[in-house]
Amino acid sequence: AQKVTQTQTSISVVEKTTVTMDCVYETRDSSYFLFWYKQTASGEIVFLIRQDSYKKENATVGHYSLNFQKPKSSIGLIITATQIEDSAVYFCAMREVQGGRALIFGTGTTVSVSP
Amino acid sequence: EAAVTQSPRNKVTVTGGNVTLSCRQTNSHNYMYWYRQDTGHGLRLIHYSYGAGNLQIGDVPDGYKATRTTQEDFFLLLELASPSQTSLYFCASSDARAPLFGEGTRLSVL
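The listed protein sequences derive, respectively, from chains A and B. To convert, note that position 113 of the first sequence is 160 in this note's numbering; the numbers rise steadily by one, no gaps. To convert, note that position 1 of the second sequence is 827 in this note's numbering; the numbers rise steadily by one, no gaps.
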């Protein structure tokens, strides 16, 4: 069965620094997609970045990048040059390509960015 | 523009009541999902569907029914609502590459 685990419940950083969040997953599929989402204070869930399991290169979008370590079933999110508005809850998610194709989420990491 | 629209945005009902939450997507996505979000649990999958007439069971299906009437519309039904179903509900649609979420429905069961 699929499972996504985020062990860090909260992280506090100072503005303009880098924050790293961890996520590990379990799947029996050889192909899958990994996602990171951000939930803002208003409750909106926003898609940030995706990693395809067959790609070796780490995905990067703006100041978001991923640290994909397939042998460890790990997909970390790195946010560089953090801003106050990066304060949010960040969710990791996985979707198998061939399996049940459910989109399964971790429990989230709350990031607080202070001046 | 791609969109997922949920209605109602807020709902209050009593224990034992019937509730239907609606979700419509205009993205031509095959997959649609219903989640509930509770503090400490993240987003938990209730039901999902890969097309009209199809229904797949998620991780927390007890007490919920769902129906996908068209490519665009996916409904979540609570036929005998209980206080434990008080939660924030999200719908999402996906073509596998970029799942998109609705704005959520806050349900209170008194």
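Even glycine gets a Cβ: it sits at the ideal position worked out from N, Cα and C.
- Taking 7 Å as the cut-off between beta carbons, none of the residues of the stretch 102-116 of chain A comes near chain B.
- Counting only residues of its own chain and dropping the five nearest sequence neighbours on each side, G843 of chain B has a CB closer than 7 Å to the CB of A907.
- When DSSP states are grouped into helix, strand and coil, Q851 of chain B belongs to the strand group.
- Contact of L150 of chain A with chain B is assigned, a C-beta pair being separated by under 8 Å.
- Below the 8 Å Cβ cutoff, chain B contributes G866, H867, G868 as neighbours of T154 of chain A, in chain order.
- About 14 Å separates the CB atoms of I122 of chain A and V108 of chain A; that is not less than 8 Å, and the two are not in contact.
- Under the Cβ criterion of 8 Å, R75 of chain A is not counted among the residues facing chain B.
- Taking a Cβ-Cβ cut-off of 9 Å, I58 of chain A has no neighbours in chain B, whose nearest Cβ is about 16 Å from it.
- Residues Q851, T852, N853, L926 of the same chain have their beta carbon placed closer than 8 Å to that of A829 of chain B, with the five preceding and five following residues left out of the count.
- Against chain A, the CB of P925 of chain B has a partner CB under 8 Å away; the residue lies at that interface.
- Proximity of G90 of chain A to chain B, defined by a Cβ-Cβ separation below 8 Å, is satisfied.
- Taking 8 Å as the cut-off, the Cβ atoms of Y84 of chain A and V93 of chain A count as close.
- In the three-state reduction of the DSSP assignment, K119 of chain A falls in the helix class, which pools H, G and I.
- Cβ contact annotation for E73 of chain A (same chain, cutoff 6 Å, sequence separation greater than five): K50, in chain order.
- Beta-bridge pairing by DSSP links G90 of chain A to no other residue.
- R923 of chain B counts as exposed, since fewer than 16 other beta carbons sit within 10 angstroms of its beta carbon.
- Among the residues of chain A, those whose CB is under 7 Å from the CB of Y874 of chain B are A149, following chain order.
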